[in-house]
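Okay, structure first, notes after.
Numbering (our numbering), first residue to last: 3 to 290.
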C-alpha cells in the first residue's frame, strides 16, 4: 500500500494562491508552482468551486514572474473521479422556454470550459502527474497539460458517454492532437473503457510511467527544475509557437515564429546563455 503523499516541501505561495478550498499549493523549488487537487474525501470530484479556483490559479501563474512551470498532482488516492455529479454546476436560471434554457446552458458550459482553457493557454508549461483513476474531467485536464507522467497504477477513462453526454471540456478537441491516433481516441470516447498506464504510454498520452505515486512526482519535479533553469523568454516563446502551430500549416507556423523571434531574439538571455556555454557554467536568468 502506498503511503499518503505529503506535499512537496517549500512555502506556499503568498496570497492569492492560499486559502483555496479544492486545491493545495506550494513552491517546492525556485520557479516551480505545485498545485494539488485537494478533495480527498470526494476523490477530487470537480465541483463549481474547483472550476473557479483552478482557473484562477492558472490565470495568476500566467503573469506571475515567480512561476516558470506548474506541476499538477493529486492529494487523494486517485487523480480524480471526474465531474461531481451531485453538484449543480450548470444552471439555467429557472428558464422553462427551451430556447432560452438552451442559451443559458450553452453559456454555462463555455464558462466551465474556460477553466482548462486557462491551463492550456497559460504561457507557463504545466506537467500533469497522474496516479490511480483519471476519469472524465480528469482526461480533459491532462489533455490541457504540456507534459503528462503517470504511475503504473494509473488508468484513463473518457466516461461521459456513460452519463449520456459527449465530453465537452476539451477531450474531444485536444486528445486527438495529443496522441495523434484518431481511431484510438474514438474507441475510448465511444466505449468509456479504461486505458491502463502501459497503453497510455504506447499511444503517447503520457511520456513517462513510473513505479508509484512518489516516483512519478519526483520525476515531474526533476523535469520542472530543468525547465525552470532555462530562459523564461525561451520557454514562453516555445510554448506560444507550439500552441499556435498545432492547428495551422507548417508555413503559417514558420511565419509566426519568424515574427515572434524578431523581438524575442533581442532578449539579453541570449547573451547570458552564450557566455554560460563558453564558460561551462550554468546560466542564471532573471524573472520574466
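Each residue gets a CB set at the ideal place from its N, CA and C atoms; glycine is no exception. Keep in mind the model is a prediction, meaning the values are calculated, not measured.
Beta-carbon proximity list for residue i, same chain, < 6 Å, skipping 5 on both sides
| i | result |
| --- | --- |
| residue 177 | 145, 187 |
| residue 83 | 45, 47, 137 |
| residue 163 | 194 |
Rounded Cβ spacing between residue i and residue j (contact assumed at less than 8 Å)
| i | j | result |
| --- | --- | --- |
| residue 159 | residue 196 | 5 Å |
| residue 275 | residue 233 | 6 Å |
| residue 118 | residue 182 | So it is not a contact: roughly 20 Å between Cβ atoms. |
| residue 30 | residue 223 | 6 Å |
| residue 18 | residue 62 | 6 Å |
Contact check, residue i vs residue j, beta carbons under 8 Å
| i | j | result |
| --- | --- | --- |
| residue 46 | residue 88 | no |
| residue 132 | residue 81 | yes |
| residue 125 | residue 37 | no |
| residue 180 | residue 143 | no |
| residue 1 | residue 48 | Only positions 3 to 290 of the chain appear in this structure, which leaves residue 1 out of reach. |
| residue 52 | residue 121 | no |
| residue 57 | residue 130 | no |
| residue 243 | residue 262 | yes |
| residue 169 | residue 136 | no |
| residue 246 | residue 271 | no |
Local Cβ density within 10 Å of residue i, reported as buried at 16 or more and exposed below that
| i | result |
| --- | --- |
| residue 256 | exposed |
| residue 141 | buried |
| residue 193 | exposed |
| residue 357 | The question about residue 357 has no answer here: the residues shown for the chain are numbered 3 through 290. |
| residue 27 | buried |
| residue 260 | exposed |
| residue 267 | exposed |
| residue 218 | buried |
| residue 20 | exposed |
| residue 39 | buried |
| residue 34 | buried |
| residue 211 | buried |
| residue 166 | exposed |
| residue 221 | buried |
Same chain only: Cβ atoms within 7 Å of residue i, ignoring 5 sequence neighbours per side
| i | result |
| --- | --- |
| residue 134 | 79, 80, 81, 155, 156 |
| residue 285 | 274, 275, 278 |
| residue 32 | 230 |
| residue 139 | 48, 82, 84, 85, 171 |
Close Cβ partners of residue i (< 8 Å) along its chain, the five nearest in sequence each way excluded
| i | result |
| --- | --- |
| residue 248 | 179 |
| residue 209 | 149, 150, 151, 203 |
| residue 42 | 77, 78, 79 |
| residue 55 | 22, 23, 24, 25 |
| residue 213 | 153, 154 |
beta-carbon residue i near the ligand GTP non-hydrogen atom, thresh 7 Å
| i | result |
| --- | --- |
| residue 61 | Here there are no bound small molecules, and the ligand GTP is not part of this structure. |
Check whether the segment 146–153 and the segment 199–210 touch, using three or more Cβ-Cβ pairs below 8 Å as the test.
yes
task = Answer yes if the segment 213–233 comes into contact with the segment 58–71, meaning at least three C-beta pairs across the two stretches below 8 Å, and no otherwise.
result = yes
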